[in-house]
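Residue numbers 1 to 161, in the working numbering, belong to the letters of the sequence shown in order.
For glycine and all other residues, C-beta sits at the position ideal for the given N, C-alpha and C.
None of the values given here were measured: they were computed from a predicted structure.
Each remark here refers to the structure printed beneath this line.
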Amino acid sequence: SHKINLSDGTVETIVQQVPEKRYHIHSHLLLNYNNGHQQKIPVHCRIVLPTFYISPETVQFGTCLVGQTSHLTVRLINPSNSPLRWTSVYSGDTAEGEFEISPSSGEFTRADSVLLNLTFTAKSCKPSRGTYTFTGTPGNRTLHLSLHGVGSHDERMQRLL
């Protein structure tokens, strides 16, 4: 923990990486009355920002038959005691292959997790890469999930459904 001195009081910050960030604010509210009197009122506030993580952070689909869809899963986890909303946004080229995620957004209750379904469909024999960026609110923390896959016309790469 560390302290930041403000002109009207002190802010004490306590940061825990997992499961959540906690901020304790100690300050004073100064009231000025028309009769010239002042009143100093102590103010104490506690703010808890949830955190979340993804496991694993990198997914390798390996070599897949062009045109066939491969399926894998990852887990998004909220270990904190606070609710959290999250969204995901894809970035990457879709010319060589297409990655999809389901669900693409959601809401956690306290100490919750969700299994995310990932798919990769190769469109060519070239490597394909993409990233999903997850943003959690409150707190606006971001996570990145890296995806890799390669297509092949070799029928030995066909996956049994």
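Coarse secondary structure for F57, derived from DSSP in three states: For the purposes of this step, residue 57 is taken as the residue at position 57 of the sequence shown. Residue 57 is actually Glu in this sequence, not Phe. Correct three-state label for E57: coil.
Distance between Y90 and V114 (C-alpha atoms, nearest Å): As a position in the sequence shown, residue 114 is number 114, starting the count at 1. As a position in the sequence shown, residue 90 is number 90, starting the count at 1. Here the C-alpha atom of V114 lies approximately 18 Å from the C-alpha atom of Y90.
Nearest-angstrom Cα separation, counted from G97 out to S124: Sequence index remark: in the sequence shown, residue 124 carries index 124 (1-based). Sequence index remark: in the sequence shown, residue 97 carries index 97 (1-based). A direct Cα-to-Cα measurement between S124 and G97 gives close to 7 Å.
Residue ranges of each beta strand (DSSP E) within the segment 44–92, 3 or longer: Unbroken beta strand (DSSP E) stretches of 3 residues or longer found wholly inside the segment 44–92: 53–55, 58–65, 69–78 and 84–92, given in chain order.
Opening and closing residue of the beta strand (DSSP E) in which T109 lies: The residue labelled residue 109 in the question sits at position 109 within the sequence shown. Element bounds for T109: n/a, residue is neither H nor E.
Validate contact between the segment 63–70 and the segment 115–135 using beta carbons, cut 8 Å, 3 pairs: Yes: the two stretches touch, three or more of their Cβ pairs being nearer than 8 Å.
Short CB-CB distance (under 8 Å) between S152 and chain D: You won't find chain D in this structure, because it holds only one protein chain.
Close beta carbons around T137, own chain, < 6 Å, minus the five adjacent residues each side: For the purposes of this step, residue 137 is taken as the residue at position 137 of the sequence shown. Leaving aside the five residues that flank T137 on each side, the residues in its chain whose CB is nearer than 6 Å to its CB run, in chain order, R85.
Exposure of I41, with buried meaning 16 or more beta-carbon neighbours within 10 Å: Within the sequence shown, the letter at position 41 stands for residue 41. I41 comes out exposed.
Classification of V15 by the beta-carbon crowding that lies within 10 angstroms, buried from 16 upward: Position 15 of the sequence shown, counted from the first residue, corresponds to residue 15. Residue placement at V15 cannot be trusted, given a pLDDT of 41 that sits under 50; what the coordinates show is reported in the next sentence. Flag for V15 reads exposed.
Inter-residue Cα distance where the pair is T94 and V150: What you label residue 94 is simply residue 94 of the sequence shown in a count that begins at 1. What you label residue 150 is simply residue 150 of the sequence shown in a count that begins at 1. For T94 and V150, the distance between alpha carbons rounds to 12 Å.
Cβ-Cβ separation, I77 to S55 (assumed contact under 8 Å), whole Å: Residue mapping note: residue 55 aligns to position 55 of the sequence shown, counting from 1. Residue mapping note: residue 77 aligns to position 77 of the sequence shown, counting from 1. Right, the Cβ-Cβ distance comes to about 7 Å (below 8 Å), so this counts as a contact.
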